[in-house]
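Q: Those protein sequence lines, which keep their order, are chains H, G, R and P. With my numbering as the guide, the letters of the first sequence map in order to residues 25 to 178. With my numbering as the guide, the letters of the second sequence map in order to residues 25 to 178. With my numbering as the guide, the letters of the third sequence map in order to residues 4 to 121. With my numbering as the guide, the letters of the fourth sequence map in order to residues 4 to 121. By construction, the Cβ of each residue, glycine as well, lies at the ideal position given by its N, Cα and C atoms. One structure follows; several queries about it will come next.
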Amino acid sequence: MAHRKTAPLTPRHAGSRDISLTIPVAPEMEIVATAQAAALGEYLGMSRDKIDEVRLALVEACINAFEHAQTRDERLHLTFRMGREDEGADWLEIEVLDQGKGFDHLRIEPPTPEQTFQGKRKRGWGLQIIRSLMDSVQISSGDWGTRIVMRKYK
Amino acid sequence: MAHRKTAPLTPRHAGSRDISLTIPVAPEMEIVATAQAAALGEYLGMSRDKIDEVRLALVEACINAFEHAQTRDERLHLTFRMGREDEGADWLEIEVLDQGKGFDHLRIEPPTPEQTFQGKRKRGWGLQIIRSLMDSVQISSGDWGTRIVMRKYK
Amino acid sequence: MSDACKVSAQRRGDVAVLWTDGYINNQGGEEIAREAYKQLDSGARALVMNLEKTRIVNSIGISILIEVLERVMDRKGLLAFCGLTPTIDKTFRIMGLAQYASIYPTEEEALQAVSARV
Amino acid sequence: MSDACKVSAQRRGDVAVLWTDGYINNQGGEEIAREAYKQLDSGARALVMNLEKTRIVNSIGISILIEVLERVMDRKGLLAFCGLTPTIDKTFRIMGLAQYASIYPTEEEALQAVSARV
Ligand SMILES: Nc1ncnc2c1ncn2[C@@H]1O[C@H](COP(=O)(O)OP(=O)(O)O)[C@@H](O)[C@H]1O
Ligand SMILES: Nc1ncnc2c1ncn2[C@@H]1O[C@H](COP(=O)(O)OP(=O)(O)O)[C@@H](O)[C@H]1O
Numbered sequence: 025m026a027h028r029k030t031a032p033l034t035p036r037h038a039g040s041r042d043i044s045l046t047i048p049v050a051p052e053m054e055i056v057a058t059a060q061a062a063a064l065g066e067y068l069g070m071s072r073d074k075i076d077e078v079r080l081a082l083v084e085a086c087i088n089a090f091e092h093a094q095t096r097d098e099r100l101h102l103t104f105r106m107g108r109e110d111e112g113a114d115w116l117e118i119e120v121l122d123q124g125k126g127f128d129h130l131r132i133e134p135p136t137p138e139q140t141f142q143g144k145r146k147r148g149w150g151l152q153i154i155r156s157l158m159d160s161v162q163i164s165s166g167d168w169g170t171r172i173v174m175r176k177y178k
Numbered sequence: 025m026a027h028r029k030t031a032p033l034t035p036r037h038a039g040s041r042d043i044s045l046t047i048p049v050a051p052e053m054e055i056v057a058t059a060q061a062a063a064l065g066e067y068l069g070m071s072r073d074k075i076d077e078v079r080l081a082l083v084e085a086c087i088n089a090f091e092h093a094q095t096r097d098e099r100l101h102l103t104f105r106m107g108r109e110d111e112g113a114d115w116l117e118i119e120v121l122d123q124g125k126g127f128d129h130l131r132i133e134p135p136t137p138e139q140t141f142q143g144k145r146k147r148g149w150g151l152q153i154i155r156s157l158m159d160s161v162q163i164s165s166g167d168w169g170t171r172i173v174m175r176k177y178k
Numbered sequence: 004m005s006d007a008c009k010v011s012a013q014r015r016g017d018v019a020v021l022w023t024d025g026y027i028n029n030q031g032g033e034e035i036a037r038e039a040y041k042q043l044d045s046g047a048r049a050l051v052m053n054l055e056k057t058r059i060v061n062s063i064g065i066s067i068l069i070e071v072l073e074r075v076m077d078r079k080g081l082l083a084f085c086g087l088t089p090t091i092d093k094t095f096r097i098m099g100l101a102q103y104a105s106i107y108p109t110e111e112e113a114l115q116a117v118s119a120r121v
Numbered sequence: 004m005s006d007a008c009k010v011s012a013q014r015r016g017d018v019a020v021l022w023t024d025g026y027i028n029n030q031g032g033e034e035i036a037r038e039a040y041k042q043l044d045s046g047a048r049a050l051v052m053n054l055e056k057t058r059i060v061n062s063i064g065i066s067i068l069i070e071v072l073e074r075v076m077d078r079k080g081l082l083a084f085c086g087l088t089p090t091i092d093k094t095f096r097i098m099g100l101a102q103y104a105s106i107y108p109t110e111e112e113a114l115q116a117v118s119a120r121v
């Protein structure tokens, strides 16, 4: 594992306004998780299309953990945070934490449509989609697992 | 407090299929919680009306904790479980746990419509509504807080 | 917050129709009460509340609706509900609101019934 | 599970229209592929996929749709999408599906366009 770090296994800064959701690693649980994202997006008054973008990014983060992480606890830990910039822009932040094997995200090559269409490998788009749909994305990973923190402005 | 018990402060039997949700004690967070209940009801294929019953029962349990519990951690801990009886009936169970001051639920007098209409006190219906809308309800409370476990069959 | 209940109203002679949209909690209930009292104060003798765009009324919301109903009854007016989901209907029955107010399936039926009585 | 994607289809001459309803993940994608191949095998030369009742297609679902598109292109057939939400449209563009398949706002426009070309 390239990024060995001390394992921050609890959510980054568990503020009292955070909402935490733990789901089992099981098919379609990612859709159950999106219900929470949608409810908070609505709470903030986000548009339906932006909520869909957040939901898809969250789906991709969840299925990555389901497919690749081999989590030790067979659970996925989500934290939802809402906040407002000084200039007044509301945001919704979602942290997806798995206690899995981790990966070196800097060494993941971004896929191209050409490769996807010519080649046998059609996968590898999850992180790309997350980055395109969210306003900011931070990934940290190590042998403690993987944490993705992604934010969308209203 | 009438019911002093050793404090079971973690969810009863945290099975790996459980979904846990922690929300802050704050206005309208109960509605955010109902999104989770609705998503799981839909996952089980529950009818829209039954899902509404579960949502309202959950709202009542949440606002009770918000209003009365004086939680030490300013958070409410929800656990969602799904299961199937031997005869094949699916159910959704929701546990609402607060770390508040507790109350003696056996000494709560059920309200009547007559009292409600004649008298000054119009409140006091929350637990009654929960019991009417859910198929089974268990309450335990002590100075560790209050736990309501309620189940609805599909 | 998009969950906040929106209330609108329209006057049809002696009858005021109120429409709600969204979750009726304490704020939603107070919003409805404010509009209801405004209508009563400006001469409405009957209120029809159409809740078809509301899926949840919590017990605090209902307790406020009961206060509105008492105020209407004090003034010898009428209050009718319509457009209730089965769950809201059930809750109104549990709390006894259904004993003192009338409930109709549709706005049309509610309007007809109260218009015949004011 | 109500989230599972439902797929239905109807044949209009050389063109088969497929409608999806719900979340398109691996199972949903495979459901669509099965129906698409059935239509191609029974002589359809163009497919129109109407996704207006789908709000989420995940990357696995899209990868399966790309396989369907390749199979259609191998047979010199046509594939058109319609009824995409802005988010699905965006994702199709990111993954390049939009470069190889055509996307139309409505089913009518999609049908017109492919019918003119088969
Ligand atoms: N949570 C995770 N744990 C371990 N490895 C991961 C995780 N997320 C992504 N990866 C690795 O990064 C690669 C790229 O992920 P992604 O862009 O989502 O595409 P895909 O999942 O389709 O392969 C995966 O194939 C996997 O090797
Ligand atoms: N989670 C809780 N913590 C402490 N006290 C509670 C809790 N839930 C209910 N109670 C007590 O039980 C009473 C009855 O509750 P309920 O039937 O929901 O009606 P209401 O909340 O309208 O008073 C409350 O007034 C309160 O004293």
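Any idea if Glu133 of chain H is buried or exposed, counting beta-carbon neighbours within 10 angstroms, 16 or more meaning buried?
A: In the first sequence, the residue the question calls residue 133 of chain H occupies position 109. When all chains shown are included, Glu133 of chain H counts as exposed.
Q: Does any residue of chain H bring its CB to less than 8 Å from the CB of Thr46 of chain G?
A: For this step, residue 46 of chain G is matched to residue 22 along the second sequence. Yes, its Cβ sits closer than 8 Å to a Cβ of chain H.
Q: Considering only heavy atoms of ligand 2, does any lie closer than 7 Å to the CB of Asp167 of chain G?
A: Here the question's residue 167 of chain G lines up with position 143 in the second sequence. Result no, Cβ not under 7 Å from ligand 2.
Q: For Asp24 of chain P, which option in P:Ala113, P:Ser105 and P:Thr57 has the closest C-alpha, if you only look at C-alpha atoms?
A: Against the fourth sequence, residue 24 of chain P aligns to sequence position 21. Closest by alpha carbon: P:Thr57.
Q: Could you pull out every unbroken beta strand (DSSP E) segment of at least 3 residues lying fully inside the stretch 146-171 of chain H, listed in chain order?
A: Runs found: 160-166.
Q: To the nearest angstrom, how far is the alpha carbon of Ile172 of chain G from that of Ile55 of chain G?
A: Here the question's residue 172 of chain G lines up with position 148 in the second sequence. Here the question's residue 55 of chain G lines up with position 31 in the second sequence. Their Cα atoms are separated by approximately 18 Å.
Q: Kindly indicate which three-state DSSP category Glu111 of chain H falls into: helix, strand or coil?
A: Residue 111 of chain H sits at position 87 when you count from the first residue of the first sequence. Three-state result, Glu111 of chain H: coil.
Q: To be precise: take each residue of the stretch 96-130 of chain G, compare its Cβ to all Cβ atoms of chain R, and keep it if any distance is under 7 Å. Which residues remain?
A: Taking 7 Å as the Cβ-Cβ cut-off against chain R, none of the residues of the stretch 96-130 of chain G qualify.
Q: Could you tell me if Asp122 of chain H is buried or exposed, where buried requires 16 or more neighbouring beta carbons within 10 angstroms of its beta carbon?
A: For the purposes of this step, residue 122 of chain H is identified with residue 98 of the first sequence, where counting begins at 1. So Asp122 of chain H ends up on the buried side.
Q: Please decide whether Ser156 of chain H counts as near chain P, where near means a Cβ-Cβ distance under 8 Å.
A: Residue numbering aside, residue 156 of chain H sits at position 132 when the first sequence is read from its first letter. Yes, because at least one Cβ of chain P sits closer than 8 Å to the Cβ of Ser156 of chain H.
Q: Is Arg79 of chain H near ligand 1, in the sense that its beta carbon is under 7 Å from a heavy atom of that ligand?
A: If you number the first sequence from 1, residue 79 of chain H lands on position 55. Every heavy atom of ligand 1 is 7 Å or more from the Cβ of Arg79 of chain H, so no.
Q: Can you list, in chain order, the residues of its chain whose CB lies under 6 Å from that of Phe90 of chain G, leaving out five sequence neighbours each side?
A: Mapped onto the second sequence, residue 90 of chain G falls at position 66. Closer than 6 Å at the Cβ level, and outside the excluded window around Phe90 of chain G, lie Val49.
Q: For Thr58 of chain G, name the three-state secondary structure that DSSP assigns.
A: Position 34 of the second sequence, counted from the first residue, corresponds to residue 58 of chain G. DSSP places Thr58 of chain G in helix when its eight states are reduced to three.
Q: What's the call for Lys144 of chain H, buried or exposed, on a 16-neighbour Cβ count within 10 Å?
A: In the first sequence, the residue the question calls residue 144 of chain H occupies position 120. By the 10 Å Cβ count, Lys144 of chain H comes out exposed.
Q: For the beta strand (DSSP E) holding Gln94 of chain G, just list the boundary residues, first then last.
A: Reading the second sequence from its first residue, position 70 is the one you call residue 94 of chain G. Taken as a continuous stretch (DSSP letters only), Gln94 of chain G belongs to no beta strand (DSSP E), as it is neither H nor E.
Q: Mapping DSSP to helix, strand and coil, what is Cys85 of chain R?
A: Taking the third sequence and counting its residues from 1, one reaches residue 85 of chain R at position 82. Here Cys85 of chain R sits in strand by DSSP.
Q: Mind checking Gln115 of chain R: buried by the 16 CB within 10 Å criterion, or exposed?
A: Here the question's residue 115 of chain R lines up with position 112 in the third sequence. It counts as exposed.
Q: Gln102 of chain P touches chain H at which residues, Cβ-Cβ below 7 Å?
A: As a working mapping, residue 102 of chain P is identified with position 99 in the fourth sequence. Here the neighbours are Pro137.
Q: Which stretch, first to last residue, makes up the alpha helix (DSSP H) that contains Glu133 of chain G?
A: Taking the second sequence and counting its residues from 1, the one referred to as residue 133 of chain G is at position 109. Note, Glu133 of chain G: premise wrong, no alpha helix (DSSP H); not H, not E.
Q: Please go through the same chain and pick out, in chain order, the residues whose beta-carbon is closer than 8 Å to the beta-carbon of Ile154 of chain G, but skip the five residues on each side of it.
A: Taking the first residue of the second sequence as position 1, residue 154 of chain G is located at position 130. Same-chain partners within the cutoff: Ala81, Glu84, Ala85, Val161, Ile172 and Met174.
Q: Counting only C-beta atoms, is Glu70 of chain R closer than 8 Å to chain G at any point?
A: As a working note, residue 70 of chain R is residue 67 in the third sequence. True, the Cβ-Cβ gap to chain G drops below 8 Å.
Q: Could you tell me which residues DSSP puts in a beta bridge with Phe104 of chain G?
A: Working through the second sequence from its first residue, we reach residue 104 of chain G at position 80. Phe104 of chain G is bridged to G:Ile43 and G:Ile118.
Q: Output needed in chain order: residues of the stretch 19-41 of chain P with a Cβ under 7 Å from some Cβ in chain H.
A: Flagged, chain order: Tyr26.
Q: Can you list, in chain order, the residues of its chain with a C-beta nearer than 6 Å to that of Arg108 of chain H? Leave out the 5 residues immediately preceding and following it.
A: Numbered from 1 along the first sequence, position 84 holds the residue referred to as residue 108 of chain H. Cβ within range, chain order: Asp114.
Q: From the beta carbon of Val78 of chain H, is the nearest beta carbon of chain G less than 8 Å away?
A: Working through the first sequence from its first residue, we reach residue 78 of chain H at position 54. No, because no Cβ of chain G sits closer than 8 Å to the Cβ of Val78 of chain H.
Q: Around the Cβ of Pro108 of chain R, are there at least 16 other Cβ atoms within 10 angstroms (buried) or fewer (exposed)?
A: For the purposes of this step, residue 108 of chain R is taken as the residue at position 105 of the third sequence. Under this definition Pro108 of chain R is an exposed residue.
Q: With three or more beta-carbon pairs closer than 8 Å as the criterion, would you say the stretch 94-109 of chain H touches the stretch 55-65 of chain H?
A: Contact between the stretch 94-109 of chain H and the stretch 55-65 of chain H is present, because at least three Cβ pairs lie under 8 Å.
Q: Among residues of its own chain, excluding the 5 on either side of Arg48 of chain P, which ones have a beta-carbon nearer than 6 Å to its beta-carbon?
A: For the purposes of this step, residue 48 of chain P is identified with residue 45 of the fourth sequence, where counting begins at 1. For Arg48 of chain P, where only same-chain residues beyond five positions count, the Cβ hits under 6 Å are Asp17, Gly80 and Val121.
Q: Quick test of your reading: Leu54 of chain P and Leu87 of chain P, contact by CB under 8 Å. State the CB separation rounded to the nearest angstrom.
A: Here residue 54 of chain P is taken as the residue at index 51 of the fourth sequence, counted from 1. Here residue 87 of chain P is taken as the residue at index 84 of the fourth sequence, counted from 1. Contact holds; Cβ gap of about 6 Å.
Q: Label Ala19 of chain P either buried or exposed according to how many other C-beta atoms from any shown protein chain fall within 10 Å of its C-beta, with 16 as the threshold for buried.
A: On the fourth sequence, position 16 is the one that residue 19 of chain P refers to. Its Cβ being crowded by 16 or more others within 10 Å, Ala19 of chain P is buried.
Q: Are the C-beta of Glu91 of chain G and some C-beta of chain B separated by less than 8 Å?
A: Looking for chain B here will not work: the only protein chains present are H, G, R and P.
Q: Suppose you measure from the CA of Arg147 of chain H to the CA of Ile63 of chain P; what does that come to, to the nearest Å?
A: Reading the first sequence from its first residue, position 123 is the one you call residue 147 of chain H. Reading the fourth sequence from its first residue, position 60 is the one you call residue 63 of chain P. The alpha-carbon atoms of Arg147 of chain H and Ile63 of chain P are separated by roughly 7 Å.
Q: For Ile172 of chain H and chain P, any beta-carbon pair shorter than 8 Å?
A: Position 148 of the first sequence, counted from the first residue, corresponds to residue 172 of chain H. No - not a single Cβ of chain P is within 8 Å of the one on Ile172 of chain H.
Q: Here's the rule I'm using: 16 or more other beta-carbon atoms within 10 Å means buried, otherwise exposed. How should Ser193 of chain R be labelled?
A: The first residue shown for chain R is 4 and the last is 121, placing residue 193 of chain R beyond what the model contains.
Q: Provide the residue(s) that pair with Tyr107 of chain P in DSSP beta bridges, ordered along the chain.
A: As a first step, residue 107 of chain P is located in the fourth sequence; it is residue number 104 there, counting from the start. Beta-bridge pairing links Tyr107 of chain P to P:Cys85.
Q: Does any CB atom of chain R fall closer than 8 Å to the CB of Arg147 of chain G?
A: On the second sequence, position 123 is the one that residue 147 of chain G refers to. Arg147 of chain G counts as touching chain R.
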